[in-house]
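The numbering used here runs 14 ahead of the 1-based position in the sequence shown. Ideal placement from N, C-alpha and C gives every residue a C-beta, glycine not left out.
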Amino acid sequence: MSLSDPLSMFDVRGKVALITGASGAFGMVAARTLAGAGCKLVLAAGNAAALTEIAAECRANGAEVVEANARPDSEAACATLADKAVESFGALDILVVASGMNKVAKIEDMEPQAFASVMDANVTQSWLMARAATKHMKARGVGGKIVLVSSARGLLGHPAGYTAYCASKAAVDGITKALGCELGPTGITVNAIAPTVFRSPLTAWMFEDTENAKAVRQGFLQRVPKGRLGEPEDLAGPLLFLASRASDFYTGHILYADGGYTAG
15 MSLSDPLSMF DVRGKVALIT GASGAFGMVA ARTLAGAGCK LVLAAGNAAA LTEIAAECRA
75 NGAEVVEANA RPDSEAACAT LADKAVESFG ALDILVVASG MNKVAKIEDM EPQAFASVMD
135 ANVTQSWLMA RAATKHMKAR GVGGKIVLVS SARGLLGHPA GYTAYCASKA AVDGITKALG
195 CELGPTGITV NAIAPTVFRS PLTAWMFEDT ENAKAVRQGF LQRVPKGRLG EPEDLAGPLL
255 FLASRASDFY TGHILYADGG YTAG
């Protein structure tokens, strides 16, 4: 059936997706992609104004959307978000944990609490949110899709003061692999998307034509086989794959959306 109609494997129409960090760079990509693909959405973010904006955009694209002005920063908050999806739409099929943060400082300048805050936002909150979603997915008994957000920095270091970020994303990779093994028999898949630099409000300066941006971009692109920086649409295809039954035999994987950056 699937091979005679292969596009049907990517069909997520009517599926219920919970996205944390929905007002962030990757979260907005996830929201727009899954809204356009026909999912029902629960969008969670700490920035209320930005959340309202992305929710309105998704509704304009025909999606049913429930907003939650919250971060997955505690066990109770994560449980509430997962419950909200089930209470609103009767199920939780897809979880995308796009919330997170970075603090850049050389090791002698980084305060321990700053290091801990990055680990909490990127690692603990991913674990807590996956835990909350797993309970609902297991209880329903039809599987589910958990997509975490890693980075090329989970594999590669960076000289600019990324000890917290690199360590946190390596830990997300570990969670992905361990949960992929643990949940395999349940039909729940756990995978991670690991981008390199892609266009967002935080990286927009790297796409500019200033001398500084050109110099930084040129240096970076020497290690990117595709020869360009990423665009939001470069993440849409991998996300849809991991959120759909097309990826049913894929779990515990780190999918590098990086133009070949980590290959060389």
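Inter-residue spacing [alpha-carbon to alpha-carbon] between residue i and residue j
i	j	result
K228	L235	10 Å
V211	D87	26 Å
G168	G35	19 Å
G194	M220	35 Å
K149	D187	21 Å
A174	V132	16 Å
S140	G278	29 Å
P239	G273	6 Å
Assigned secondary structure, residue i (DSSP; H/G/I helix, E/B strand, else coil)
i	result
Y270	strand
N205	strand
V100	helix
A31	strand
F263	coil
V111	strand
E81	strand
A51	coil
G278	coil
V43	helix
L249	helix
G244	strand
Rounded distance between the beta-carbons of residue j and residue i, thought under 8 Å
i	j	result
R231	Y275	At roughly 13 Å, the Cβ-Cβ gap does not stay under 8 Å, so R231 and Y275 are not in contact.
A105	V26	The pair is not a contact, with the Cβ atoms about 12 Å apart (cut-off 8 Å).
Range covered by the alpha helix (DSSP H) that runs through residue i
i	result
V279	Nothing about residue 279 can be read from this structure; the chain reaches only from 15 to 278.
Span of the beta strand (DSSP E) around residue i
i	result
K191	Run containing K191: none in the beta strand (DSSP E); it sits in the alpha helix (DSSP H), T177 to L197.
V161	G158 to V163
Open item on the list: Within 8 Å, do at least three Cβ pairs link the region 114-121 to the region 169-181?
Closed with: yes
TODO: Examine the Cβ distances between the region 154-169 and the region 89-99 and report whether three or more of them are shorter than 8 Å.
DONE: no
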